[in-house]
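One structure is given below, encoded as structure tokens.
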Amino acid sequence: MNKKISTVVFDLYETIIFPKKGFKPAPLQAFINTFNYYLPDKSYDNKIFIDIVNKNMGHSKRKHLSLILEYPYLTEFNKYLTKNNITQNQVYNKFIDVQCELLENPDYCVLADNYHKTIEELQKIGIKNICATTGFNYLQASIILHHNPKLKLGKIITTDNVKKPRPAPDGIHKIMNKYDIYDYNVIKIGDTIADIQEAHNAKVISIGITTGSVLCEEFKANNAEYVINNIDELPELVKNINKNYF
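Note that the UniProt record's numbering gives residue 120 to position 120 of the sequence shown, counting from 1, and the numbers run on in steps of one.
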């Protein structure tokens, strides 16, 4: 029984795919644009709203929207929806349209410079499977793949591929079943707390990466087992895990 790490499960956005410098991340910009669509006289491009959106990154976008709308800051927006008989589902559908339109612009889908080198290094040290789970749906992920056809991901689990999306463990379990591997063969790396929760729920090794809006201290406060600042640190970390963990 091989207890070495054989499978790396990445998050997609702000872990290996990024907006061009000077652009906001596509999900954040899409939420700002969507909320401003309904209330154009109120600018949602502000620190309070941005912090709310960032705090809940990593979930399925339907859940993400639901969490945002629970904040008192969104009372006025919720009242507007009620007054005009606009459902949360309608807002979600508008958000998806807006985000997909943004993602069609390749400036929102830039692959990390060191991605291919990192994958090569991981394969050299015995990583057989490079996969991903994401808070995006199939359509959104497909647009990213269109811009980045050489991602070399064996399996991508989107929110509509599973009954319960992240942070539930279903996506990682689906990957484990595909490759007939165990939890101790898998590491999950992502830039959100939802990624860490997903890893914990799947009982795999959790790695936070500070390329998004979550700081090292926040990852540690949420019991990430490891934290790195860039994916090119990953091969050395995997070597150390295989050496010391097993």
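Ideal placement from N, C-alpha and C gives every residue a C-beta, glycine not left out.
Reduced DSSP category for residue i - H, G, I as helix; E, B as strand; rest coil
{"i": "F136", "result": "coil"}
{"i": "K174", "result": "helix"}
{"i": "K47", "result": "helix"}
{"i": "N2", "result": "coil"}
{"i": "Y182", "result": "coil"}
{"i": "I71", "result": "In the sequence on display, residue 71 carries Tyr and not Ile. Y71: coil per DSSP, three-state reduction."}
{"i": "residue 261", "result": "Residue 261 falls outside the range modelled here, since the chain spans only 1 to 246, and no answer is possible."}
{"i": "N93", "result": "helix"}
{"i": "S66", "result": "helix"}
{"i": "I86", "result": "coil"}
{"i": "residue 325", "result": "Given a span of 1 to 246 for the chain in the structure shown, any question on residue 325 remains unanswerable."}
{"i": "I196", "result": "helix"}
Reference residue i; option with closest CA among the options
{"i": "D97", "options": "L139, Y115 and Y80", "result": "L139"}
{"i": "P19", "options": "V204, E236, D180 and Y108", "result": "Y108"}
{"i": "S6", "options": "C216, V214, N201 and D180", "result": "D180"}
{"i": "I205", "options": "V162, D170 and I241", "result": "I241"}
{"i": "V91", "options": "I68, P106 and E104", "result": "I68"}
{"i": "E233", "options": "F219, T211, L215 and E217", "result": "T211"}
{"i": "Y115", "options": "T133, Y80, K128 and L153", "result": "L153"}
{"i": "N54", "options": "Q29, L39 and T75", "result": "Q29"}
{"i": "A26", "options": "K239, V110 and I209", "result": "V110"}
{"i": "N89", "options": "S66, D170 and G208", "result": "S66"}
{"i": "E101", "options": "G208, F31 and V214", "result": "F31"}
Rounded distance between the beta-carbons of residue j and residue i, thought under 8 Å
{"i": "K94", "j": "Y37", "result": "6 Å"}
{"i": "E120", "j": "P167", "result": "That pair is no contact at about 30 Å."}
{"i": "V8", "j": "I175", "result": "Not quite, the Cβ-Cβ distance comes to about 10 Å (not below 8 Å), so this is no contact."}
{"i": "K178", "j": "K163", "result": "Not quite, the Cβ-Cβ distance comes to about 16 Å (not below 8 Å), so this is no contact."}
Span separating the alpha-carbon of residue i from that of residue j
{"i": "I157", "j": "N46", "result": "32 Å"}
{"i": "N56", "j": "I50", "result": "10 Å"}
{"i": "I86", "j": "Y226", "result": "43 Å"}
{"i": "K203", "j": "H173", "result": "10 Å"}
{"i": "G22", "j": "I143", "result": "21 Å"}
{"i": "K4", "j": "D11", "result": "21 Å"}
{"i": "N201", "j": "D183", "result": "11 Å"}
{"i": "P106", "j": "H147", "result": "6 Å"}
{"i": "N161", "j": "G171", "result": "8 Å"}
{"i": "K239", "j": "T159", "result": "31 Å"}
{"i": "T134", "j": "Y71", "result": "24 Å"}
{"i": "T34", "j": "A132", "result": "27 Å"}
{"i": "T192", "j": "Y80", "result": "30 Å"}
Status (buried if at least 16 other CB within 10 Å, exposed otherwise) for residue i
{"i": "A221", "result": "exposed"}
{"i": "P149", "result": "exposed"}
{"i": "D195", "result": "buried"}
{"i": "G126", "result": "exposed"}
{"i": "N229", "result": "exposed"}
{"i": "H64", "result": "buried"}
{"i": "E14", "result": "buried"}
{"i": "Q99", "result": "buried"}
{"i": "L122", "result": "buried"}
{"i": "S60", "result": "buried"}
{"i": "T75", "result": "exposed"}
{"i": "P165", "result": "buried"}
{"i": "L103", "result": "buried"}
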